[in-house]
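Written below as structure tokens is the structure these notes are about.
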């Protein structure tokens with residue numbers, strides 16, 4: 003692999019504003035073949051970077067380490083894999099934590115409202131710069147699945163196959179409510195200060211609480227019942243584990259640990275922008291209604307993968323997506339997996355996901 | 003009806019502390035018969051008062067107005083209905099917002115840790131004061147179902163029938179995580195100030211956010227999909243509906259409205275105590291394991307009612323409860339209702355609940 007930065011020269015028109023010379027970070031694995039048609043474009047969920055897998059240059063494990071590499075389901079001996087850090091994120095691509103070249107100041111809330119189609123539109127510039135005119139496949143899970151869908155609708159014919167995992171054709175009110183509440187929790191933290199927090203001292207309390215709510219929506223009740231039941235937490239000395247409302251249960255310690263691991267790793271304003279972009283996503287926007295939007299697709303095949311315990315992108319939305327695709331794509335398969343880890347299953351239940359992903363990439 | 007206050011004279015031993023002469027508020031409807039055996043004791047969920055239904059003395063609608071009254075499913079021409087405001091609450095019963103008679107100061111966090119069994123133990127004093135030695139039935143929904151179960155286990159023979167609605171034999175980690183996060187959100191509000199907020203200026207931001215999370219856990223994704231879909235909110239002028247992360251969707255306005263209606267109506271510290279009491283509840287505590295605890299029951303019949311879309315007290319927990327009761331009670335029925343309003347269905351889906359409750363009270 004190598005890590006690259008592509009600069010989009012001049013003005014980049016977003017749905018709701020303009021960026022000047024934004025940069026898109028991406029990593030690649032494997033080799034582009036002579037026909038330049040073996041590339042796989044992968045979009046990420048809200049929080050990961052483009053580092054999907056380790057490599058000689060960067061041997062730190064990637065966020066889908068089990069899935070991408072030589073001999074793995076997305077086999078880098080066969081495919082040229084490109085993973086893009088979303089526009090609006092904070093791992094090399096331009097976002098609210100980047101310097102606005104027009105002012106020399108950090109964008110913060112001067113960054114335009116971000117939409118999923120902006121992420122797709124900025125990514126196509128990378129594909130064009132690589133002189134690729136036919137992608138083997140586009141892949142996305144969670145928010146990345148929304149981006150992959152937008153990409154395929156916006157650029158018909160550029161991509162031959164779509165793999166959508168635990169994603170949706172549009173955001174629905176239960177997920178919107180959860181994400182909206184996460185954003186409000188962050189904005190209510192006085193340290194957020196209208197987005198003007200010191201970049202080295204972000205609103206930790208708001209981010210911790212929002213991340214805990216995120217974890218509740220990413221996993222499942224049945225997983226936690228098996229894993230934690232009513233196990234008590236060992237007492238510790240931090241302020242949340244003493245006093246009359248101290249943490250009592252192991253599940254509370256788990257959330258605390260997960261949330262603390264997240265704080266400081268992701269810029270707060272970037273989080274707000276990406277979170278809202280998911281709420282705003284409705285693929286019907288591309289055609290007046292879902293059916294007309296999907297009619298724009300020109301892909302040869304698609305696979306939709308969903309998990310029965312997912313409460314954020316529920317299995318009904320996976321079914322809807324595969325039915326919409328089925329009307330316009332010849333070869334559509336739908337895998338409904340019984341993983342217990344909810345929305346996060348694609349990141350952790352590798353034994354269930356590996357063969358499903360491998361079967362998609364075994365097809366020619 | 004009439005509204006009463008029963009004072010428990012002297013020291014009242016809680017599971018984790020002592021109260022001095024606590025008071026229990028309750029309301030009654032109907033007439034106690036000459037055998038004093040037609041009384042129905044109703045325990046409430048976390049937030050309602052004892053005002054379950056309107057009456058000549060107080061014609062404001064009660065929180066279960068459709069269910070209690072002359073000719074209604076719990077027919078006050080036949081039964082003497084008693085509804086208790088839980089110990090630890092703030093509608094007349096002693097709680098963290100009450101004056102500690104020992105110090106003359108508001109208890110605040112000097113109130114001992116509250117357990118569900120304390121609510122049951124304080125309520126039995128009301129029943130004894132009324133000179134009732136055989137209750138027709140004990141009823142509880144949500145937290146009230148936990149209290150009703152504790153009451154029946156603690157006082158075998160005092161009660162003849164149990165009606166448990168959308169409740170549980172113990173709190174499980176998904177619900178614990180949600181409630182724990184609600185409490186942490188409140189405690190992170192600087193206005194909470196370790197429980198020392200001015201009683202007339204409570205931590206509104208923390209309470210608003212916690213209530214929104216509550217509403218998310220009380221309703222269901224399918225209800226909101228039907229009700230709100232992706233409907234946009236009318237723009238308004240408050241600070242949360244302007245700026246780059248303004249409320250966009252109707253579901254967000256709904257949550258805002260619901261949360262604002264709650265603020266100021268419920269004391270924040272009382273909320274924290276009652277919320278934690280639910281997490282701590284495990285009926286296995288009464289006997290070493292669930293089976294031994296349930297073996298203490300001496301009731302003639304029981305009905306368990308649950309809702310398929312409830313994510314806070316899921317239907318599996320209703321099934322578990324009915325199976326546990328089935329081992330020790332001769333006449334147990336289980337009603338699994340298809341209401342779409344989630345945990346709150348018993349408060350709103352009256353067409354489904356009315357006949358189920360009525361059938362329980364039609365039996366002799």
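Residue numbers (my numbering), protein chains in the order written: chain A, 3 to 366; chain B, 3 to 366. In this text, a Cβ means the ideal position worked out from N, Cα and C, and glycines have one as well. A quick note: this is a predicted structure, and the numbers were derived from the prediction, not measured.
- Distance from residue 55/B to residue 73/B at the Cβ level is roughly 12 Å; contact not present, criterion being Cβ atoms closer than 8 Å.
- Near chain A, meaning a CB-to-CB distance below 9 Å, the residues of the region 189-218 of chain B are 189, 190, 191, 192, 196, 197, 207, 208, 210, 211, 214, 215, 217, 218.
- Counting the other Cβ atoms within 10 Å of the Cβ of residue 214/A gives 16 or more, which makes it buried.
- Between the region 167-181 of chain A and the region 229-237 of chain B there are three or more C-beta pairs closer than 8 Å, enough to call the two in contact.
- For residue 308/B, the enclosing beta strand (DSSP E) has its first and last residue at 303-309.
- The criterion of a C-beta distance shorter than 8 Å is not satisfied by residue 117/B and residue 292/B.
- Here residue 43/A is buried, its C-beta having at least 16 other C-beta atoms within 10 Å.
- DSSP lists 83/B as the bridge partner or partners of residue 31/B.
- The beta carbon of residue 231/B falls within 8 Å of a beta carbon belonging to chain A, placing the residue at that interface.
- Cβ contact annotation for residue 320/A (same chain, cutoff 6 Å, sequence separation greater than five): 306, 308, in chain order.
- A straight-line Cα-Cα distance of about 35 Å links residue 11/B and residue 186/B.
- Taking one beta carbon from each stretch, the region 38-52 of chain B and the region 134-147 of chain B have 3 or more pairs nearer than 8 Å; the two touch.
- Close CB contacts of residue 87/B within its chain, under the 8 Å cut and outside five residues either way in sequence, are with 26, 27, 28, 46, 51, 52, 93, 94, 95 (chain order).
- Look at residue 13/B here: in three-state DSSP terms it is strand.
- About 17 Å separates the beta carbon of residue 304/A from that of residue 75/A, a gap too long to meet the 8 Å contact definition.
- 260/A is the residue among 260/A, 342/A, 77/A whose C-alpha sits nearest the C-alpha of residue 252/A.
- Residue 128/B and residue 89/B have their C-alpha atoms roughly 12 Å apart.
- Secondary structure note for residue 337/A: it is in no alpha helix (DSSP H), and the uninterrupted beta strand (DSSP E) holding it is 333-339.
- Under the three-state reduction of DSSP, residue 39/B is assigned to coil, being neither helix nor strand.
- Residues 122 of the same chain have their beta carbon placed closer than 6 Å to that of residue 156/A, with the five preceding and five following residues left out of the count.
- The beta-carbon of residue 343/A is placed no less than 8 Å from the nearest beta-carbon of chain B.
- If you draw a straight line from the Cα of residue 271/B to the Cα of residue 211/A, it is about 19 Å long.
- Below 8 Å, enough C-beta pairs join the region 340-354 of chain B and the region 309-319 of chain B to call them touching: three or more.
- Under the DSSP assignment, residue 215/A falls in the alpha helix (DSSP H) whose first and last residues are 206-220.
- In the DSSP annotation of this structure, the continuous segment of the alpha helix (DSSP H) that includes residue 223/A starts and ends at 223-229.
- Inter-residue distance for residue 16/B and residue 147/A is about 53 Å (C-alpha atoms, whole angstroms).
- In this structure residue 331/B is buried. Its beta-carbon is surrounded by 16 or more other beta-carbon atoms within 10 angstroms.
- Exclusion of the five residues before and after residue 34/B leaves 40, 41, 82, 132, 134 as the residues of its chain whose Cβ lies within less than 8 Å of its Cβ.
- Annotation: Cβ neighbours of residue 226/B in chain A (cutoff 8 Å, chain order): 174, 175, 176, 179.
- By the C-beta density criterion, residue 78/B is buried, having at least 16 other C-beta atoms within 10 angstroms.
- According to the DSSP secondary-structure assignment, residue 20/B is paired through a beta bridge with 15/B.
- Taken in chain order, the whole alpha helix (DSSP H) runs of length 4 or more contained in the region 92-164 of chain B are 118-131, 145-156.
- The closest CA to that of residue 204/B, considering only 265/B, 97/B, 163/B, 336/B, is found on 265/B.
- Taking 8 Å as the cut-off, the beta carbon of residue 163/B is found no closer than this to the beta carbon of residue 269/B.
- Boundaries of the alpha helix (DSSP H) harbouring residue 357/B: 352-364, taken from the DSSP string.
- Here residue 321/B carries a helix assignment [DSSP, helix/strand/coil].
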